[in-house]
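Numbering (my numbering), first residue to last: 48 to 118.
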């Protein structure tokens, strides 16, 4: 279950009704970093580029995988 909440004055307040018994103990997991609008836009631009096919002229790119592998 995911519960969206707002942190105010030291308390997490759910933004919508929650179906839990009174005094239920919960564990709150926070992401390491909240994605900024700029980061989200950059990620979306990268995914857009990766969603297209490109003709490299190479018919078997797997045959050259060692050229791009470190070590």
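Cβ coordinates follow ideal geometry from the N, Cα and C atoms, glycine included.
| Asked | Found |
| --- | --- |
| Give me the Cα-Cα distance between residue 103 and residue 81, rounded to the nearest whole angstrom. | 37 Å |
| To the nearest whole angstrom, what separates the beta carbons of residue 65 and residue 53, a pair I think is in contact under 8 Å? | Incorrect: roughly 13 Å between the Cβ atoms, too far for contact. |
| Per DSSP, which residues does residue 60 bridge with? Please list them. | 53 |
| Take residue 89 and list the residues in its own chain whose beta-carbon comes closer than 6 Å to its own, dropping the five residues that flank it on each side. | none |
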